[in-house]
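Peer 1:
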Amino acid sequence: MRISSTVAASALLAVASAADSTNYLGFNSGATKADRSAKFKADFKAEFDAAANLKGAPGDFNAVRLYTNIQAYSDSDPIEAFDAAVETKTKLLLGVWASGTDNIDKELSALKKGIEKHGSKLTDLVIGITIGSEDLYRISETGIKNKSGVGNSPKAIVGFIENFRSSFKSTALAKVPVGHADTWDAWGNSTNKAVIDNVDFIAVHEYPYYETGKGNSIDNAAKLFQTAYDNTLAAAGSKPVWVTETGWPYTGPDWDEAKSGTDNAKKYWQEVGCKKLFNKVPTFWYTLRDSNPDNEVKFAITDNLSTTPRFDLSCDGIKEDDKSSSTSKSGSSSATKTGSSTASKTPGGDDSDSTTLATATPTPSSGNSNGGSGTTTTGASASQTSGPASSAPGQKIFNAYTYAALAVVGAAFAMF
Numbered sequence: 106m107r108i109s110s111t112v113a114a115s116a117l118l119a120v121a122s123a124a125d126s127t128n129y130l131g132f133n134s135g136a137t138k139a140d141r142s143a144k145f146k147a148d149f150k151a152e153f154d155a156a157a158n159l160k161g162a163p164g165d166f167n168a169v170r171l172y173t174n175i176q177a178y179s180d181s182d183p184i185e186a187f188d189a190a191v192e193t194k195t196k197l198l199l200g201v202w203a204s205g206t207d208n209i210d211k212e213l214s215a216l217k218k219g220i221e222k223h224g225s226k227l228t229d230l231v232i233g234i235t236i237g238s239e240d241l242y243r244i245s246e247t248g249i250k251n252k253s254g255v256g257n258s259p260k261a262i263v264g265f266i267e268n269f270r271s272s273f274k275s276t277a278l279a280k281v282p283v284g285h286a287d288t289w290d291a292w293g294n295s296t297n298k299a300v301i302d303n304v305d306f307i308a309v310h311e312y313p314y315y316e317t318g319k320g321n322s323i324d325n326a327a328k329l330f331q332t333a334y335d336n337t338l339a340a341a342g343s344k345p346v347w348v349t350e351t352g353w354p355y356t357g358p359d360w361d362e363a364k365s366g367t368d369n370a371k372k373y374w375q376e377v378g379c380k381k382l383f384n385k386v387p388t389f390w391y392t393l394r395d396s397n398p399d400n401e402v403k404f405a406i407t408d409n410l411s412t413t414p415r416f417d418l419s420c421d422g423i424k425e426d427d428k429s430s431s432t433s434k435s436g437s438s439s440a441t442k443t444g445s446s447t448a449s450k451t452p453g454g455d456d457s458d459s460t461t462l463a464t465a466t467p468t469p470s471s472g473n474s475n476g477g478s479g480t481t482t483t484g485a486s487a488s489q490t491s492g493p494a495s496s497a498p499g500q501k502i503f504n505a506y507t508y509a510a511l512a513v514v515g516a517a518f519a520m521f
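Final position of the sequence shown in my numbering is 521; the numbers increase by one with none missing.
(1) I'd like to confirm the pairing. Which residues does DSSP put opposite T137 in its beta bridges?
(2) Would T228 and G200 qualify as a contact pair, given that the criterion is a beta-carbon distance under 7 Å?
(3) Given a cut-off of 7 Å on the beta-carbon distance, is the pair N336 and G293 in contact?
(4) DSSP three-state call for K424: helix, strand or coil?
(5) Would you grab the beta carbon distance between F149 and A189 for me? Rounded to a whole angstrom, and I think it's under 8 Å.
(6) From the DSSP output, in three-state form, read off N268 for me.
(7) Restricting to runs no shorter than 4 residues, where is the alpha helix (DSSP H) found entirely within the region 351-408?
(8) Please classify L313: is it buried, with 16 or more other beta-carbons within 10 angstroms of its beta-carbon, or exposed?
(9) Could you name the residues that DSSP lists as bridge partners for V263?
(10) Less than 8 Å between the CB atoms is what I'm expecting for L198 and F383, so what's the real figure, rounded?
(11) Residue range of the beta strand (DSSP E) that L199 falls in?
(12) Which value, in whole angstroms, describes the spacing of the CA atoms of V386 and H285?
(13) Could you have a look at I232 and say whether DSSP puts it in helix, strand or coil?
(14) I'd like to check one pair, K380 with E350: are the Cβ atoms closer than 7 Å?
(15) Can you look up P414 in the DSSP assignment and give me helix, strand or coil?
(16) Are N167 and K146 closer than 7 Å when you measure CB to CB?
(17) Within 10 angstroms of the Cβ of I423, are there 16 or more other Cβ atoms? Answer buried if so, exposed if not.
(18) Thinking W374 and L418 are a contact (beta carbons under 8 Å), I'd like their distance in whole angstroms, please.
(19) Once DSSP output is grouped into helix, strand and coil, what is the label at S438?
(20) Below 8 Å on the Cβ atoms is my guess for Y242 versus D287; work out the distance and round it to an integer in Å.
(21) Quick one: any contact between the region 201-218 and the region 265-281, if contact means 3 or more CB pairs under 8 Å?
(22) Taking the beta carbon of T441 as the centre, do at least 16 other beta carbons fall within 10 Å, making it buried, or is it exposed?
(23) Can you tell me whether DSSP reads L278 as helix, strand or coil?
(24) By Cβ distance below 7 Å, which residues in the same chain neighbour S445 in space, the five residues on each side in sequence not counted?
(25) With distances taken from CA atoms, which of E212, V283, K211 and A143 is nearest V346?
(26) Buried or exposed for D240, going by 16 or more other Cβ atoms inside 10 Å?
(27) Who does F132 pair with in a DSSP beta bridge?
(28) What are the start and end residues of the alpha helix (DSSP H) that includes I307?
(29) Return the bridge partner residues of G205 from the DSSP annotation.
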């Protein structure tokens, strides 16, 4: 959606907000740590506790976005993030890894086991589920060029969405909004319209850092973000758009005009997070702690899960963008369930084993139009050169990660 249509967009937001004004704040969390060892309950709990107690945070970071339901290196055991979330009462944007497979049976089995164990203590925390993360980007011309790894087709993603709905239609998750996470340019690709038609909300990954050839310096980052977001809104139509991956690295090599650094990471947080997203749009920042040892680009806002961030997170005194031109116009977390319902960036995923690891890490998406993000195991996003991606179950870390272990992409959060 472009600026010229901001009035209509604002009206949509008003309706959405009336239904549910909750705009969640959280981070992305993969299934493995930086050394590729599995995360267990204590590891997830440490993350959730740190996020909830960050000094100077502009709101309650009490939600987390997962990439898989499966515990790392297991066949179909439920991820222990469920146990930690129940104990800490952390909201969950569930994820189903959908690349490189013709079924999601093990993902659904792991989720069912988690529900059998925790019952309503778990299901009451679920704010949405994303079926797949940057799968469409990885099969795009740009994703293939960036060697972003194995993805999946729009037809397959729609089939997985239908499978989830039929499998959980008689459960407490029957009314949970279902989405798909991908880069902003993937959402703008007309060949992916079937996915938009079959989801309840759009989860988008946007990383201006990887937008090569577009003047991607930190001074132009907010403008690039807004352009990508507006294009995603246009593709989404009346469906809510959640930002499930975005951020700026504090260290790493230059990416065209983009330079990493703590000061630039802080400026991006203020210009994009404070002015456009926080408490206006369901937002999952990339990231609380890095997980991919192969990715030179690092995004973590803390060291070793310290509650003292590497830069001031406060939004005090920072003037918000004019509502008419900011993301608030249609990012409300109220994903109106429709029952059926293309971007660029993704820093490479951390999937280091063929079992089931989903570790968030960005990958680049070199490309064309607007940046995306990354949440694949090697992912790169459609139109950015690189960004965070997150490793996923059943996938190995391809050498692609070497190239852009950087196309930042993530997945998406939906709400009731």
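Backbone N, C-alpha and C define an ideal beta-carbon position, used for all residues, glycine too. It should be emphasised that the depicted structure is a prediction, and the values quoted were computed from it without experimental measurement.
Peer 2: Looking at the atomic coordinates:
(1) A143
(2) no
(3) yes
(4) coil
(5) 4 Å
(6) helix
(7) 367-373
(8) For the sequence presented, residue 313 should be read as Pro rather than Leu. Under this definition P313 is a buried residue.
(9) Answer by DSSP bridge pairing: none, since V263 is not bridged.
(10) Contact doesn't hold; Cβ gap of about 16 Å is too wide.
(11) K196 to V201
(12) 16 Å
(13) strand
(14) no
(15) coil
(16) no
(17) exposed
(18) 7 Å
(19) A caution first: S438 carries a pLDDT of 46, below 50, which makes its placement in the model too unreliable to give a value.
(20) 6 Å
(21) yes
(22) Legend: pLDDT at T441 = 41, less than 50; position of this residue unreliable, value from coordinates given subsequently. Result: buried.
(23) coil
(24) Note that S445 scores a pLDDT of 35, beneath 50, so its modelled location is shaky and nothing firm can be said.
(25) V283
(26) buried
(27) V169 and W390
(28) Not the alpha helix (DSSP H): I307 falls in the beta strand (DSSP E), residues F306 to H310.
(29) None, per the DSSP bridge assignment.
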